[in-house]
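Notes follow the structure.
2 protein chains.
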Amino acid sequence: MDFSTYFPVWNKLTPVQQNTISTSAVFRTIAQGTVITGDGTDCTGLLLLKSGQLRAYILSEEGREITIYRLFEWDICLFSASCILKSSQFEIMIEAEKDTELWVIPAEIYKALMEESLPVSNYTNEIMAARFSEVMWLIEQILWKSLDRRLAAFLLDEAVLEESSTLKITHEMIANHLGTAREVITRMLRYFQNEGIVKLRRGEIEIINTAGLRTISG
Amino acid sequence: MDFSTYFPVWNKLTPVQQNTISTSAVFRTIAQGTVITGDGTDCTGLLLLKSGQLRAYILSEEGREITIYRLFEWDICLFSASCILKSSQFEIMIEAEKDTELWVIPAEIYKALMEESLPVSNYTNEIMAARFSEVMWLIEQILWKSLDRRLAAFLLDEAVLEESSTLKITHEMIANHLGTAREVITRMLRYFQNEGIVKLRRGEIEIINTAGLRTISG
Numbered sequence: 001m002d003f004s005t006y007f008p009v010w011n012k013l014t015p016v017q018q019n020t021i022s023t024s025a026v027f028r029t030i031a032q033g034t035v036i037t038g039d040g041t042d043c044t045g046l047l048l049l050k051s052g053q054l055r056a057y058i059l060s061e062e063g064r065e066i067t068i069y070r071l072f073e074w075d076i077c078l079f080s081a082s083c084i085l086k087s088s089q090f091e092i093m094i095e096a097e098k099d100t101e102l103w104v105i106p107a108e109i110y111k112a113l114m115e116e117s118l119p120v121s122n123y124t125n126e127i128m129a130a131r132f133s134e135v136m137w138l139i140e141q142i143l144w145k146s147l148d149r150r151l152a153a154f155l156l157d158e159a160v161l162e163e164s165s166t167l168k169i170t171h172e173m174i175a176n177h178l179g180t181a182r183e184v185i186t187r188m189l190r191y192f193q194n195e196g197i198v199k200l201r202r203g204e205i206e207i208i209n210t211a212g213l214r215t216i217s218g
Numbered sequence: 001m002d003f004s005t006y007f008p009v010w011n012k013l014t015p016v017q018q019n020t021i022s023t024s025a026v027f028r029t030i031a032q033g034t035v036i037t038g039d040g041t042d043c044t045g046l047l048l049l050k051s052g053q054l055r056a057y058i059l060s061e062e063g064r065e066i067t068i069y070r071l072f073e074w075d076i077c078l079f080s081a082s083c084i085l086k087s088s089q090f091e092i093m094i095e096a097e098k099d100t101e102l103w104v105i106p107a108e109i110y111k112a113l114m115e116e117s118l119p120v121s122n123y124t125n126e127i128m129a130a131r132f133s134e135v136m137w138l139i140e141q142i143l144w145k146s147l148d149r150r151l152a153a154f155l156l157d158e159a160v161l162e163e164s165s166t167l168k169i170t171h172e173m174i175a176n177h178l179g180t181a182r183e184v185i186t187r188m189l190r191y192f193q194n195e196g197i198v199k200l201r202r203g204e205i206e207i208i209n210t211a212g213l214r215t216i217s218g
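This is the structure:
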């Protein structure tokens, strides 16, 4: 399947618009672990995922991270081109969590398209509302859910995502997803292990009591 | 000044669109302290402020609050009509912090306009990006700034907003802005008082050392 299959509202574009965007989009393969953005002034462009998995996160001055949302195939990443959005002054980092195939759509091409095409503008509104919704969910989690519930929910989500009850993930990585320190995660995982809910091995966490995790996650 | 002065991109609407929106908008006066939204299913409509001040906040199951952003004259509140945005499933409460004059634009009217008018759709994108930016700032504050810095920054902002170094605000109200408990705010304010930075009176906080507050806020 090619670019036109993956680009949203493709059929609502004029032939000229279709030609402009498909000739300017660049197909790239990104190796797992690569950080794609960003130095703040840079404007990578929109990312349209064909396969793989990206993680959008923010970074504190001290180097702490928290995952904002994930992107999967068919998803569009708008904030890798936040320069096209007026009044948007934050920086979201993007990292490939798996080997990922994507198209990069140059920011200025998308911006011009959005300003002349009603379907593209409306679609952009939809993506932004969806991301906004995810970010509001995150705020509620950070403010009002205790870490044991957040960690339990995270492990359950990961098991679904990886289609496995054995997760190959370090405590450091989990801490970076949840915006906390590695030691805090290690302590909580050991508590889960004592409760017979997970089994810890080097670089691996096996979920042995899914129902128990569900109870904790609320 | 009337509705057409306050409605953004008014001059880019067709006469028919102008007529539809100005005849459907309802002018209302909201008394200070009134909570405007929302029961989640309800869709109040867009709010366009002529004067006054609104506070957008979220509420936990236990009744804790945190302020997401404020709205002033000329501002548009999109999330009082979040039903028009697909995939938006969070609930933002809106409260009048001052006596407020505003127009309510019915959600379905705005939605129809957004779907047929490119300027309105692009403008909606801009508002959403601006709010997104504020919410990202909030996440960074919650995660990575300690409460003393957040409280100092809040008091400085309030002094500018109220054009006074004496703030008529309770510790409970501050706690609701910052997503914490009243006791925590009281403790921190007493610490500020001991440092000679503020003077506390019943229902009032006087800032007596602005430079000191600035130093704390970072």
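Quick note, the sequences are listed as chains A and B, same order.
Heads up, the first sequence stops at 218 in the working numbering, and the numbers go up one at a time, no gaps.
Heads up, the second sequence stops at 218 in the working numbering, and the numbers go up one at a time, no gaps.
Glycine included, each C-beta is placed from N, C-alpha and C at the ideal position.
In the structure shown, what three-state DSSP assignment does residue i receive?
i	result
Leu13 (chain A)	coil
Ala229 (chain B)	With chain B covering only 1 through 218, there is no way to say anything about residue 229 (chain B).
Ile185 (chain A)	helix
Ser121 (chain A)	helix
Phe7 (chain A)	coil
Leu78 (chain B)	coil
Ala175 (chain A)	helix
Ile36 (chain B)	coil
Arg146 (chain A)	Residue 146 (chain A) is actually Ser in this sequence, not Arg. Three-state result, Ser146 (chain A): coil.
Thr210 (chain B)	helix
Glu62 (chain B)	coil
Thr29 (chain A)	strand
Glu163 (chain B)	coil
Glu195 (chain B)	coil
Val21 (chain A)	Correcting the residue identity first, residue 21 (chain A) is Ile in this sequence and not Val. In this structure, Ile21 (chain A) counts as helix in the three-state DSSP scheme.
Ile169 (chain A)	coil
Cys43 (chain A)	coil
Asp2 (chain A)	coil
Thr180 (chain A)	coil
By the 10 Å Cβ neighbour count, where 16 or more other Cβ atoms means buried, how is residue i classified, buried or exposed?
i	result
Ser51 (chain B)	exposed
Gly196 (chain B)	exposed
Pro15 (chain B)	exposed
Thr67 (chain B)	buried
Gly45 (chain B)	buried
Arg28 (chain A)	exposed
Ala175 (chain A)	buried
Ser4 (chain B)	exposed
Asn194 (chain A)	exposed
Gly179 (chain A)	buried
Trp103 (chain A)	buried
Ser80 (chain B)	buried
Arg214 (chain A)	exposed
Phe192 (chain A)	buried
When DSSP builds the beta bridges, which residues end up paired with residue i?
i	result
Phe132 (chain B)	Paired residue(s): none; Phe132 (chain B) is not in a bridge.
Ala56 (chain B)	B:Tyr69 and B:Ile94
Arg201 (chain A)	A:Glu204
Leu102 (chain A)	A:Arg28 and A:Leu49
Exercise for review: Indicate whether the contact test is met: 3 or more Cβ pairs, each with one atom in the segment 165-181 of chain A and one in the segment 206-214 of chain A, closer than 8 Å.
Suggested key: Yes, since at least three Cβ pairs between the segment 165-181 of chain A and the segment 206-214 of chain A fall closer than 8 Å, the two stretches touch.
Check your understanding: Contact between the segment 88-104 of chain A and the segment 21-39 of chain A: three or more CB pairs below 8 Å?
Key -> Touching, per the Cβ criterion.
Practice item. Examine the Cβ distances between the segment 146-164 of chain B and the segment 101-118 of chain B and report whether three or more of them are shorter than 8 Å. Key: Verdict: no, contact absent.
Practice item. Would you check if the segment 182-189 of chain B and the segment 115-130 of chain B touch, i.e. whether three or more CB-CB distances between them fall below 8 Å? Key: Look at the beta carbons and you see the segment 115-130 of chain B not touching the segment 182-189 of chain B: under three pairs across the two are nearer than 8 Å.
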